[in-house]
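If you read the sequence shown in the working numbering, its first letter stands for residue 232, the second for the next number, and so on.
In this text, a Cβ means the ideal position worked out from N, Cα and C, and glycines have one as well.
Taking it in order: structure first as structure tokens, then the write-up.
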Amino acid sequence: MNATAAPAPPLDHAWIAAHIPHAGAMCVLDSVDAWDAERIRCTATSHRDPHNPLRAHGRLAAVCGIEYAAQAMAVHGALLGAHDARPRAGYLASVRNVDAFVDRLDIFAQPLTVDAQRVSGDGRSVLYGFALRCGERVLLSGRAAVMLDASNAGAFQPAPAGNPKPR
Numbered sequence: 232m233n234a235t236a237a238p239a240p241p242l243d244h245a246w247i248a249a250h251i252p253h254a255g256a257m258c259v260l261d262s263v264d265a266w267d268a269e270r271i272r273c274t275a276t277s278h279r280d281p282h283n284p285l286r287a288h289g290r291l292a293a294v295c296g297i298e299y300a301a302q303a304m305a306v307h308g309a310l311l312g313a314h315d316a317r318p319r320a321g322y323l324a325s326v327r328n329v330d331a332f333v334d335r336l337d338i339f340a341q342p343l344t345v346d347a348q349r350v351s352g353d354g355r356s357v358l359y360g361f362a363l364r365c366g367e368r369v370l371l372s373g374r375a376a377v378m379l380d381a382s383n384a385g386a387f388q389p390a391p392a393g394n395p396k397p398r
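Below, the structure is given as structure tokens:
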């Protein structure tokens with residue numbers, strides 16, 4: 232009899248919410264559809280939710296798609312660090328070259344596809360390119376820099392008290 236590996240857990244909303252620092256309605260992604268070491272593709276339907284906490288004045292602005300992309304990046308980091316006791320925290324440091332091709336996300340009836348691709352990175356930061364789509368239509372795209380929590384990596388060491396030559 233051949234031994235088989237236990238089935239992988241579904242990468243659904245519950246799994247995502249358990250692995251990123253967003254809870255309740257602030258966890259905007261529904262599922263991970265595909266991923267590898269360099270990229271991730273997620274699906275979201277929360278853009279249609281009238282109680283989406285990112286809405287303002289009853290509308291979900293296209294720039295809120297940056298949060299959707301940032302969460303996909305966080306999920307990617309959690310998947311890549313799955314063997315660690317706790318995924319390293321990441322902080323969105325900057326976004327660049329953001330192009331919004333629509334004004335609002337809540338006007339689209341179909342699910343959104345959120346793609347993020349790791350462009351470069353090291354132990355301190357990661358650069359991703361991202362795009363949100365509805366079907367084949369690109370709604371938002373750009374790049375984001377994520378700073379990784381240096382305290383978890385042991386990179387930050389404060390100077391001892393009384394050091395006459397602080398760093």
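Quiz item: Using the C-alpha atoms, what's the distance from Val333 back to Leu291?
Solution: On the sequence shown, residue 291 is found 60 positions in, with the first residue counted as 1. On the sequence shown, residue 333 is found 102 positions in, with the first residue counted as 1. Looking at the two C-alpha atoms, the distance is approximately 11 angstroms.
Quiz item: Nearest-angstrom Cα distance between Ala248 and Ala275?
Solution: The sequence position of residue 248 within the sequence shown is 17, counting from 1. The sequence position of residue 275 within the sequence shown is 44, counting from 1. Near 13 angstroms, if we compare the C-alpha coordinates of Ala275 and Ala248.
Quiz prompt | Boundaries of the beta strand (DSSP E) in which Met378 is found, first to last residue | solution = Here the question's residue 378 lines up with position 147 in the sequence shown. Its beta strand (DSSP E) spans residues Arg368 to Leu379.
Practice problem: Go ahead and pull the three-state DSSP assignment for Val306. | Solution: Locating residue 306 in the sequence shown gives position 75, where the first residue counts as 1. In the structure shown, Val306 sits in a helix (DSSP, three-state: H, G or I).
Quiz prompt | Cβ contact check for the segment 264 to 271 and the segment 323 to 330: 3 or more pairs under 8 angstroms | solution = no
Quiz item: Roughly how many angstroms lie between the CA atoms of Ala320 and Ile338, to the nearest whole one?
Solution: Translated into positions along the sequence shown, residue 320 becomes position 89. Translated into positions along the sequence shown, residue 338 becomes position 107. So the alpha carbons of these two residues sit roughly 33 angstroms apart.
Self-check item: Sequence-distant residues of its chain with Cβ nearer than 8 angstroms to Val357 (five each side left out)
Solution: As a first step, residue 357 is located in the sequence shown; it is residue number 126 there, counting from the start. Once the five neighbours on either side are set aside, the close Cβ partners of Val357 are Met304, Gly308, Gly321, Arg349, Ser351, Ala376, Val377 and Leu379.
Quiz prompt | Among Asp243, Thr344 and Leu260, nearest to Ala362 - alpha-carbon criterion | solution = Taking the first residue of the sequence shown as position 1, residue 362 is located at position 131. It is Thr344 whose Cα lies nearest to the Cα of Ala362.
Quiz item: Roughly how many whole angstroms lie between the Cα atoms of Leu242 and Ala254?
Solution: By 1-based counting over the sequence shown, the position of residue 242 is 11. By 1-based counting over the sequence shown, the position of residue 254 is 23. Looking at the two C-alpha atoms, the distance is approximately 16 angstroms.
Practice problem: May I have the straight-line CA-CA distance separating His250 from Leu311, to the nearest angstrom? | Solution: For the purposes of this step, residue 250 is taken as residue 19 along the sequence shown, with counting starting at 1. For the purposes of this step, residue 311 is taken as residue 80 along the sequence shown, with counting starting at 1. Spanning the two alpha carbons is a distance of roughly 12 angstroms.
Quiz item: What is the DSSP secondary structure of Val294, reduced to helix, strand or coil?
Solution: As a working mapping, residue 294 is identified with position 63 in the sequence shown. Note: Val294 maps to helix in three-state DSSP.
Self-check item: Residue nearest to Ile271 in terms of C-alpha spacing, selected from Gly366, Tyr299 and Cys295
Solution: In the sequence shown, counting from the first residue as 1, residue 271 sits at position 40. Closest by alpha carbon: Tyr299.
Quiz item: Going by Cα to Cα distance, which pick from Gly360, Pro342 and Val259 is closest to His282?
Solution: Translated into positions along the sequence shown, residue 282 becomes position 51. Ranking Gly360, Pro342 and Val259 by Cα distance to His282 puts Val259 first.
Exercise. Please classify Arg368: is it buried, with 16 or more other beta-carbons within 10 angstroms of its beta-carbon, or exposed?
Key: As a working mapping, residue 368 is identified with position 137 in the sequence shown. Arg368 is exposed by the Cβ-count criterion.
Quiz item: Can you list, in chain order, the residues of its chain whose CB lies under 7 angstroms from that of Gln301, leaving out five sequence neighbours each side?
Solution: Position 70 of the sequence shown holds residue 301. Note on residue identity: the sequence assigns Ala, not Gln, to residue 301. Closer than 7 angstroms at Cβ, skipping near neighbours: Leu323 and Ala375.
Quiz item: Around the Cβ of Asp315, are there at least 16 other Cβ atoms within 10 angstroms (buried) or fewer (exposed)?
Solution: In the sequence shown, the residue the question calls residue 315 occupies position 84. Confidence in Asp315 is poor, its pLDDT being 49 and thus under 50, which makes the residue's placement unreliable; the coordinate value appears in the next sentence. Label assigned to Asp315: exposed.
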